[in-house]
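K.L.:
In my numbering, the protein residues as written are 18 to 392.
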């Protein structure tokens, strides 16, 4: 199991960029990323889901490998909502407050999906939430001008993003590179461009990390990136490339459903929060001892159990002072899955699905990502 290292983490990548633009940083910049201030255009490209273990196996002869700097860790949890928000803000989860796909908001008393900006259970009255109620730290692009944020149309059109004036969108890989190029050419002023590519992550989920389709997509991405870097070689642009997290292959035989554990369900005061590989459990106060005993006896083979305060003390979610909302957003207990197990509950109106590769846990496949710097 790999713990996040918040001195050698994706959040430190963002700190390096922030420092080069004269911004204050909470987390230490990486010593490997020096002299970024000498470039007119700083591009941070997030290849969602590209773990270091996959890269070691499949990227040895790639263009990206020629520019490999080192391995860094993801945040915990190692999932897009928490980790990409860390890259967007320069803060770890315990400051920015986005703790997973499903997260309990205490003030509103609702389970909420920050990344889609929708409640898990439909509400009779619309929630009057602002982005800053959920995402507790501003984006780096809010602090730098000019700057651009580039996402796929599916992400860009979500409620949480659609009114952001620095946001550009694309429908495919070629369009993403065009948006980066147009942003570079938009002015002669020094600028920051953050671009997110979600296609690799999507293919991993649907086909698995080991599939030919996933490997072929990586090769296509590598080839197009090489051509694009050559195209903009005279623009004084530097590319920093990393990922939010990696992925690990799993199987249906490793998928555990809460309905298989009715006694456990009776101890919970609300549906599970978090994701397949880490679960935030909200337990009735008079059932805590019973809950601990049940997990240790019936589910020890598939998960480790932690009190929320213990993980906070271990700096699992970050260093320094945490946001006031942290404890309420991570449950009374956190279950972290072992091996390739997953754990999930399904509400009556939810369509069940299976992902061939998953993330969010602490395996090296999920936690270790690459740092690539094209100068």
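Using N, Cα and C, we set each Cβ at its ideal position, and we do this for glycine too.
1. Is residue 252 near the ligand GDP - that is, is its Cβ less than 6 angstroms away from at least one heavy atom of it?
2. Restricting to Cα atoms, I'd like to know which of 272, 58 and 66 is closest to residue 214.
3. Measure the alpha-carbon distance for residue 309 versus residue 33 and round it to whole angstroms.
4. Of the residues 250, 163, 139 and 327, which one's Cα is nearest the Cα of residue 367?
5. Can you tell me whether residue 68 is helix, strand or coil according to DSSP?
6. With a Cβ-Cβ cutoff of 7 angstroms, do residue 59 and residue 209 count as a contact?
7. If the criterion is Cβ atoms closer than 7 angstroms, does the pair residue 299 and residue 291 meet it?
8. Please go through the same chain and pick out, in chain order, the residues whose beta-carbon is closer than 6 angstroms to the beta-carbon of residue 13, but skip the five residues on each side of it.
9. For the candidate residues 101, 41 and 84, whose alpha-carbon lies nearest to that of residue 263?
10. What are the start and end residues of each continuous alpha helix (DSSP H) run of 4 or more residues lying completely inside the stretch 281 to 348, in chain order?
11. Return helix, strand or coil for residue 239, following the three-state DSSP convention.
12. Determine, using beta carbons only, whether residue 399 and residue 50 come nearer to each other than 7 angstroms.
13. Report the residue from 77, 159, 68 and 137 whose alpha carbon sits nearest the alpha carbon of residue 40.
14. What's the C-alpha gap between residue 81 and residue 302?
15. In this structure, how does DSSP classify residue 194 when only helix, strand and coil are distinguished?
16. Under 7 angstroms between C-beta atoms, does residue 87 make it to chain D?
17. Tell me whether residue 153 sits in a helix, a strand or coil according to DSSP, three-state version.
18. Would you call the CB atoms of residue 53 and residue 37 closer than 7 angstroms?
19. Let me know if residue 248 comes out buried or exposed under the rule of 16 or more other beta-carbons within 10 Å of its beta-carbon.
20. What residues in its chain sit with their C-beta under 7 angstroms from that of residue 72, if we drop five residues either side in the sequence?
21. Roughly how far, in whole angstroms, is the beta-carbon of residue 109 from the beta-carbon of residue 348, given that I think they are within contact range, below 8 angstroms?
22. Taking the beta carbon of residue 229 as the centre, do at least 16 other beta carbons fall within 10 Å, making it buried, or is it exposed?
23. Under 8 angstroms, with one C-beta from each stretch per pair, do the stretch 347 to 363 and the stretch 272 to 291 reach the 3-pair mark?
24. CA-CA distance, residue 178 and residue 24?
25. Would you check if the distance between the CB atom of residue 265 and the CB atom of residue 380 is smaller than 7 angstroms?
26. At 4 residues or longer, and completely inside the stretch 240 to 274: list those alpha helix (DSSP H) runs for me, N to C.
27. Check this for me: beta carbons of residue 123 and residue 345, under 7 angstroms apart or not?
28. Specify, as a first and last residue, the run of the alpha helix (DSSP H) that residue 30 falls within.
29. Extract the residue ranges of the alpha helix (DSSP H) inside the stretch 108 to 172, only unbroken runs of 4 or more that lie entirely within it.
P.N.:
The answer reads as follows:
1. The ligand GDP is not part of the structure shown, which contains no ligands of any sort.
2. When each option's Cα is compared against that of residue 214, the closest is 66.
3. The alpha-carbon atoms of residue 309 and residue 33 are separated by roughly 42 angstroms.
4. Answer by Cα proximity: 139.
5. Secondary structure of residue 68 (DSSP, three-state): strand.
6. A contact, by the Cβ cut-off of 7 angstroms.
7. For residue 299 and residue 291, no; Cβs fall outside 7 angstroms.
8. There is no way to answer for residue 13, as the model of the chain reaches only from 18 to 392.
9. Considering only alpha carbons, the answer is 101.
10. Runs of the alpha helix (DSSP H) lying entirely within the stretch 281 to 348, each at least 4 residues long, are 305 to 315, 325 to 330 and 343 to 346 in chain order.
11. In the structure shown, residue 239 sits in a helix (DSSP, three-state: H, G or I).
12. Only positions 18 to 392 of the chain appear in this structure, which leaves residue 399 out of reach.
13. Nearest of 77, 159, 68 and 137 to residue 40, Cα basis: 159.
14. One alpha carbon belongs to residue 81, the other to residue 302, and they sit about 51 angstroms apart.
15. Correct three-state label for residue 194: helix.
16. No chain D appears in the structure shown, which is made up of a single protein chain.
17. Residue state, collapsed to three classes: coil.
18. Taking C-beta atoms as the reference points, residue 53 and residue 37 count as a pair closer than 7 angstroms.
19. That one is exposed.
20. Cβ neighbours of residue 72 beyond the five flanking positions: 387.
21. Wrong, their Cβ atoms sit about 18 angstroms apart, outside the cutoff.
22. Around the beta-carbon of residue 229, fewer than 16 other beta-carbon atoms lie within 10 Å, marking it exposed.
23. Yes, since at least three Cβ pairs between the stretch 347 to 363 and the stretch 272 to 291 fall closer than 8 angstroms, the two stretches touch.
24. In this structure, the straight-line span from the alpha carbon of residue 178 to that of residue 24 is close to 29 angstroms.
25. By the CB criterion at 7 angstroms, residue 265 and residue 380 fall inside the cutoff.
26. You should have found no qualifying run.
27. At the C-beta level, residue 123 and residue 345 come within 7 angstroms of one another.
28. Taken as a continuous stretch (DSSP letters only), the alpha helix (DSSP H) holding residue 30 covers 27 to 37.
29. At a cut-off of 4 residues, the continuous stretches assigned as alpha helix (DSSP H) that sit fully inside the stretch 108 to 172 are 110 to 113 and 148 to 151.
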